[in-house]
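Undergrad: Please read through the structure below; I'll follow up with questions.
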């Protein structure tokens with residue numbers, strides 16, 4: 001190998017080495033810099049570039065050693081101080097990096113990159129406000145510095161200033177619109193700050209510039225689905241499926257969005273594809289079962305529904321008695337424990353299968369939530385009702401939702417048993433008397449008594465779509481010849497108070513002590529109007545007139561399109577067409593209520609106490 005012998009040769013070698021370095025031929029560049037240092041060990045340029053070369057080769061110790069040698073020779077060079085600061089930061093020596101950056105800033109007065117790098121260092125040290133100051137200085141020198149805008153967005157979010165965070169995210173996204181991480185963060189902050197007016201356009205831009213990035217589109221679809229912005233999630237998932245048509249996660253995200261939008265038939269092929277690709281994933285199999293059941297495909301749906309019990313979070317929340325599990329064997333002469341699951345409405349709906357088991361010859365006990373033990377105990381087919389696993393022994397036990405599969409339930413077999421719940425006579429007498437002497441009810445009144453429930457369980461993940469604001473119902477309360485009774489319980493119980501001075505409505509919620517009380521109250525009404533709630537099931541199970549307002553996403557049990565329910569012959573369904581838009585539904589209910597008042601008479605026994 002030739003050796004440089006004079007300054008001209010060294011300059012030539014530097015030119016060759018620098019060319020290699022610029023072209024990212026790092027090894028070739030390092031060979032030339034070594035040649036230079038063999039002749040000129042104090043050459044700062046070669047030492048500095050050897051530090052950079054070893055950094056690119058992931059040899060941080062050698063990089064730091066060359067950087068120190070360069071600084072010993074030229075301690076007042078800001079570029080060397082900045083390089084050493086970067087190396088110290090990479091080695092997580094943030095205190096050392098801070099000192100080096102500050103020395104460089106003192107020498108130069110500050111550059112955009114120095115302030116940015118010092119901001120990164122201070123952020124790692126947990127000094128967020130000091131870091132913000134450095135990032136802001138970097139933007140004064142270079143307003144288009146993407147990294148600084150992004151860092152300020154994240155720090156402002158961490159400090160709770162979501163508006164400022166969003167502004168910085170918008171700037172970062174404008175500067176680098178193809179960065180997938182920025183896409184996600186921008187969406188998250190739009191959602192958190194409530195500025196959803198720009199969301200549709202943002203999603204459209206993201207799916208356009210990320211049209212070839214399935215992973216990014218998958219992440220966007222997931223964020224939008226979990227944030228309950230289903231149209232955008234669907235757009236992102238479908239775009240991703242153009243790239244990866246058999247991606248199970250993208251198929252699931254498309255299915256989930258369509259399911260929540262109430263487009264169940266469109267959802268089915270996506271759900272089926274996700275279940276086909278990930279055949280052992282319990283959630284995907286269960287979601288496919290849910291779609292099948294909603295479309296009335298009971299035979300296949302109930303078989304696949306067994307996957308519900310394999311989902312870890314479901315398993316953890318269910319009771320699992322230690323008796324022999326039932327798999328469809330004959331039950332005549334056997335002791336059977338029917339175990340409730342999921343919500344109170346689910347349990348009320350599926351208590352009917354205690355009647356079916358009883359008619360097959362079983363002696364039936366039920367295990368249900370404490371709130372409905374009294375109701376279940378009153379059923380002729382139930383020997384005992386429990387709120388905790390009984391001692392037994394039992395020949396068989398089953399979760400309620402396993403019974404339809406084993407009995408081969410079809411829609412034509414519904415309602416199986418009706419009515420299967422009845423109010424206790426003493427509670428009927430008590431509540432008929434209390435309602436009959438209410439101040440808003442005068443003897444001889446021809447007003448219809450209508451109960452109202454406008455909100456479901458606030459813990460339900462889709463409650464914001466299922467429940468209705470009380471003021472949206474004012475057009476119903478203004479109808480003549482109707483006396484309204486609120487049987488709303490829980491968080492929204494007192495919402496009605498704001499309307500009581502203006503409308504003929506009485507709140508009973510505070511007086512209701514149990515579901516058994518509620519059932520007796522419902523017997524005193526001419527009609528119950530309710531959102532999808534446990535009281536809809538309670539009225540239906542007792543064969544009482546009930547109108548149920550169903551959100552667009554439609555729970556599986558209400559099927560699709562129908563205005564009746566095969567589960568509850570006394571129920572009428574009013575369906576929302578667009579998620580969140582209750583206006584047309586309430587107008588439809590109002591028209592139906594006017595017609596019903598004109599054609600029907602109050603219950604004949606309303607004054608029997």
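Numbering (full-length UniProt numbering), first residue to last: 1 to 609. Note that the Cβ used here is the ideal one computed from N, Cα and C, for glycine as well.
I need the DSSP call for residue 573, collapsed to helix, strand or coil.
TA: Here residue 573 sits in strand by DSSP.
Undergrad: State the start and end residues of the unbroken beta strand (DSSP E) segment that holds residue 485.
TA: 482-486 is the span of the beta strand (DSSP E), which, as asked, contains residue 485.
Undergrad: Jot down the residue ranges of each uninterrupted alpha helix (DSSP H) in the stretch 225-270, minimum 4 residues, whole runs only, in chain order.
TA: List check, alpha helix (DSSP H) in window: 230-243, 248-260.
Undergrad: By Cβ distance, which residues of its chain are closer than 7 angstroms to residue 414, with the 5 residues on each side in sequence left out?
TA: Excluding sequence neighbours, residue 414 sits near 566, 567.
Undergrad: Compute the distance between the beta-carbons of residue 302 and residue 409, then report whether it is under 9 angstroms.
TA: A contact, by the Cβ cut-off of 9 angstroms.
Undergrad: Drop a sphere of 10 angstroms on the beta-carbon of residue 530, count the other beta-carbons inside from all chains shown, and report buried for 16 or more, exposed for fewer.
TA: By the 10 Å Cβ count, residue 530 comes out buried.
Undergrad: To the nearest angstrom, how far is it from the Cα of residue 575 to the Cα of residue 468?
TA: The alpha-carbon atoms of residue 575 and residue 468 are separated by roughly 13 angstroms.
Undergrad: CA-CA distance, residue 333 and residue 262?
TA: Roughly 44 angstroms between the two C-alpha positions.
Undergrad: Looking at residue 219 and residue 259, is the spacing between their C-beta atoms short of 9 angstroms?
TA: Taking 9 angstroms as the Cβ cut-off, residue 259 and residue 219 do not qualify as a contacting pair.
Undergrad: Does DSSP classify residue 336 as helix, strand or coil?
TA: Residue 336: strand per DSSP, three-state reduction.
Undergrad: If distances are taken between C-alpha atoms only, which option among 338, 27, 222, 11 comes closest to residue 39?
TA: The residue with the shortest Cα to Cα distance from residue 39 is 11.
Undergrad: Can you pull the DSSP bridge partners for residue 451?
TA: Looking at the DSSP assignment, residue 451 forms a beta bridge with 485, 528.
Undergrad: For residue 372, which of 434, 234, 224, 538 has the nearest alpha-carbon?
TA: Answer by Cα proximity: 538.
Undergrad: Can you check which of these residues, 482, 523, 515, 519, is closest to residue 506 by C-alpha distance?
TA: Minimum Cα distance to residue 506 is reached at 482.
Undergrad: Would you kindly work out how many angstroms separate the C-alpha atoms of residue 458 and residue 356, rounded to a whole number?
TA: When rounded, the distance between both Cα atoms is 33 angstroms.
Undergrad: Mind checking who residue 386 pairs with in its DSSP beta bridge?
TA: Beta-bridge pairing links residue 386 to 367.
Undergrad: With a CB to CB cut of under 7 angstroms and the five nearest residues on each side skipped, what residues in its chain are close to residue 361?
TA: Closer than 7 angstroms at the Cβ level, and outside the excluded window around residue 361, lie 331, 332, 333.
Undergrad: Could you tell me if residue 137 is buried or exposed, where buried requires 16 or more neighbouring beta carbons within 10 angstroms of its beta carbon?
TA: Flag for residue 137 reads buried.
Undergrad: Here's the rule I'm using: 16 or more other beta-carbon atoms within 10 Å means buried, otherwise exposed. How should residue 2 be labelled?
TA: Summary for residue 2: the model assigns pLDDT 47, below 50, so the residue's position carries little reliability; its value from the coordinates is reported in the next sentence. Exposed, since its Cβ has fewer than 16 Cβ neighbours within 10 Å.
Undergrad: Below 9 angstroms between beta carbons: does that hold for residue 165 and residue 145?
TA: No, the Cβ-Cβ distance between residue 165 and residue 145 is not below 9 angstroms.
Undergrad: Taking C-alpha atoms, which residue in 427, 150, 536, 139 lies nearest to residue 345?
TA: Comparing Cα positions, the closest option is 536.
Undergrad: In three-state DSSP terms, what is residue 108?
TA: If DSSP states are grouped into helix, strand and coil, residue 108 belongs with the helices.
Undergrad: Classify residue 412: buried if its beta carbon has 16 or more other beta carbons within 10 angstroms, exposed otherwise.
TA: Under this definition residue 412 is an exposed residue.
Undergrad: What are the start and end residues of the alpha helix (DSSP H) that includes residue 465?
TA: First-last of the alpha helix (DSSP H) with residue 465: 463-466.
Undergrad: Is residue 422 helix, strand or coil when you go by DSSP?
TA: DSSP places residue 422 in coil when its eight states are reduced to three.
Undergrad: Residue 81 and residue 51: beta carbons closer than 9 angstroms?
TA: Against a cut-off of 9 angstroms, the Cβ pair of residue 51 and residue 81 comes out as no contact.
Undergrad: Is it buried or exposed for residue 132, if we count other Cβ within 10 angstroms and need 16 for buried?
TA: With 16 or more Cβ atoms within 10 Å of its Cβ, residue 132 is classed as buried.
Undergrad: Measure the alpha-carbon distance for residue 558 versus residue 294 and round it to whole angstroms.
TA: Those two C-alpha atoms are separated by around 7 angstroms.
Undergrad: Between the Cα of residue 246 and those of 552, 596, 403, 276, spot the shortest distance and give me the residue it belongs to.
TA: Here the closest residue by C-alpha is 276.
Undergrad: Looking only at DSSP bridge pairs, what is residue 398 linked to?
TA: Its beta-bridge partners are 338.
Undergrad: Let me know the secondary structure DSSP gives residue 356 once reduced to three states.
TA: In the structure shown, residue 356 sits in a helix (DSSP, three-state: H, G or I).
Undergrad: When you compare only the Cα positions, how much space is there between residue 395 and residue 452?
TA: Rounded to the nearest angstrom, the two C-alpha atoms are 43 angstroms apart.
Undergrad: Do residue 17 and residue 49 come within 9 angstroms of each other at the CB atom, strictly closer than that value?
TA: Contact: yes.
Undergrad: Just tell me which of 26, 30, 542 has its CA closest to the CA of residue 424.
TA: Closest by alpha carbon: 542.
Undergrad: According to DSSP, is residue 534 helix, strand or coil?
TA: Note: residue 534 maps to helix in three-state DSSP.
Undergrad: Which residues bound the beta strand (DSSP E) around residue 563?
TA: Taken as a continuous stretch (DSSP letters only), residue 563 belongs to no beta strand (DSSP E), as it is neither H nor E.
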